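Notes follow the structure.
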Amino acid sequence: MKIKPALLVLSCAAAFTAFASATPPPAAAMLEAMKVSAASHSFASDLQFAHGEAMRRNSPVVLCKSVDGASCANAGAWSQGWIVFEDANGNGLRDGLEELIVRVPAFSRSLRFAGSMNAVRAISFGAGGGVQLAGARAAEATLTICSDAAGPVHGRQLTLASRGALRLEQGSAGCT
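Read in order, the letters of the sequence shown are residues -20 to -1, 1 to 156 in mature numbering (1 follows the signal peptide of the UniProt record, and there is no 0).
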């Protein structure tokens, strides 16, 4: 049986494409790991910043999910973006004249944000440094940020206690 050269080339190309797409190159995995690290550090630093701003301003400051970068969203994951604002009237929502301090746009679709913190729609820091997790059903909330391409070892888990303590850990079972 004779195989036509064009068919052989196409067969080899198809096999190579299937193999290449099944195992991402190390550079792609490294890029995804860097995205996970950047997203987790961005969220952690904005939490710490909001906490410090509340104490500095002697006024409540809120970090909440936001789709439009101007108002709080009642649903969705933190991957859609968030805002930090001074909550002068203390209602947990950004009203027209309240100062927008930080705006973070949506993250890459390749990142997954999972955990009990997705149920939290807003995190409010009081002037004295206390924290309230709007929508939380527990004393602490966790947020796991990961990417399938980066592998579970590159996941990051943030844990925020109701007293304001923040813990950031590498690697998480929530990424598998």
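Don't be surprised by glycine CBs; every beta carbon is placed ideally from N, CA and C.
All figures in this text were calculated on a predicted structure; none of them were measured in a lab.
In this model, residue 68 and residue 39 are separated by some 6 angstroms (Cα to Cα). Taking a contact to require three or more Cβ pairs closer than 8 angstroms, the segment 50 to 67 and the segment 81 to 94 qualify as touching.
Under the DSSP assignment, residue 12 falls in the alpha helix (DSSP H) whose first and last residues are 6 to 37.
In the DSSP assignment, residue 41 falls within the beta strand (DSSP E) that extends over 41 to 45.
Distances from the CA of residue 10 to each of 73, 50, 127 and 102 were compared; the closest alpha carbon is that of 127. The criterion of a C-beta distance shorter than 9 angstroms is satisfied by residue 35 and residue 107. Within the segment 55 to 122, complete beta strand (DSSP E) segments of at least 3 residues are found at 62 to 66, 80 to 84, 91 to 94, 102 to 105 and 111 to 114, given in chain order. Closest option to residue 123, judged by alpha-carbon separation, among 137, 65, 141 and 26: 137. As a beta-bridge residue in DSSP terms, residue 141 pairs with 120.
Across the set 50, 109 and 103, the C-alpha of 109 shows the shortest separation from the C-alpha of residue 37.
Separation of residue 105 and residue 70 (C-alpha to C-alpha, rounded to the nearest whole angstrom) is 10 angstroms.
The same chain holds no residue with a CB closer than 7 angstroms to that of residue 21 once the five nearest residues on each side in sequence are set aside.
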